[in-house]
Amino acid sequence: MFKNAVLAESLKLKGSKIALPVILLPLISVLLGSGNFAANPHELTNGWYSLWTQVALFYGYFFYPIIISICCAYTIHLEKSNHNWNAMMTCPVRPGAVILSKLIVTSTVSLIVQAFLVILYLTAGLLLGVKGGFPLDIVNFSLCGLAASIAVAAVQLYLSMIVKSFALPIGICLGTCVLGLGLCVTGLWMLYPTSLLVKGFGALNQAALSPLEHILFFILCAAYTLVFTGLAIRRLTKRDTATS
């Protein structure tokens with residue numbers, strides 16, 4: 001039944017317009033970053049790394065979390081419409097499977113977005129004639145960003161469950177993007193998933209995480225994911241089916 005739940009969530013997204021932000025926001029990020037990189041050749045002299053920081057400037061701070069929040073808000077909003085929570089819970093599927101299937105599908109979208117961004121980034125670098133080989137640190141930044149995005153998705157799924165509005169959780173995510181940036185600047189990047197995203201994505205500087213920071217980073221990503229997924233499952237089990 002869990003496989004069927006994942007398939008059902010995939011079909012729901014397939015019928016949505018989520019592809020629009022998935023395509024446009026990474027494309028806008030690369031266009032803006034590439035334009036800034038090309039306009040400042042004397043200041044941005046570290047090749048692929050400099051191009052990455054420019055591309056990640058808007059994408060890591062705002063666009064990537066917003067894509068995730070839209071996806072989460074949409075999947076939850078569908079269930080809130082026409083008492084779909086109750087209809088779903090009459091099926092032989094546990095609340096945990098429902099939430100996990102939504103998290104898996106959202107994480108898959110996140111993976112697709114990341115892969116698309118890296119392809120666009122590589123294409124832009126080749127077109128701009130960036131010298132040197134493709135740095136493996138970019139793969140590291142992308143994987144760290146993906147791990148943090150799953151934690152962000154867990155938070156946003158829970159927020160979308162407890163807030164009736166479709167748009168408000170997305171607005172909250174935008175606010176936490178600003179919060180995450182501030183926490184990362186002050187060195188407190190471990191305090192919220194969006195700050196983990198900024199830190200892991202290398203959006204502030206070109207330095208990868210140290211080995212100890214990597215360990216802490218992935219532990220925190222797992223912890224945030226487990227805590228907020230657990231809260232969402234508990235919410236669905238005890239409240240949504242009673243109040244929908």
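Each residue of the sequence shown is one higher than the one before, counting from 1 in full-length UniProt numbering. For glycine and all other residues, C-beta sits at the position ideal for the given N, C-alpha and C.
Pairing Glu-79 with Leu-236, the inter-Cα distance amounts to about 11 Å. Residue environment: Leu-51 is assigned as buried (16 or more neighbouring CB atoms within 10 Å of its CB, all protein chains considered). Counting the other CB atoms within 10 Å of its CB gives Val-55 a total of 16 or more, which places it among the buried residues. Taking 7 Å as the cut-off, the beta carbon of Tyr-224 is found closer than this to the beta carbon of Ala-151.
In the structure shown, the three-state DSSP call for Ile-170 is helix. Contact annotation: Ile-215 and Pro-95 have beta-carbon atoms that are not nearer than 7 Å. Less than 7 Å divides the Cβ of Gly-60 from the Cβ of Val-198. A distance below 7 Å between beta-carbons, with the five flanking residues on each side excluded, links Phe-134 to the following residues of its chain, in chain order: Trp-48 and Leu-122. Listed in chain order, the non-local C-beta contacts of Phe-37 below 6 Å within the same chain comprise Leu-44, Leu-51 and Gln-54, local neighbours out to five positions each way being set aside. Judged by beta-carbon spacing, Cys-71 lies beyond the 7 Å limit of Ser-160, meaning their Cβ atoms are not closer than that value. Taking the C-beta atoms as reference points, Ala-148 is found nearer than 7 Å to Gly-200. One thing to note: Pro-26 has its Cβ no nearer than 7 Å to the Cβ of Phe-141.
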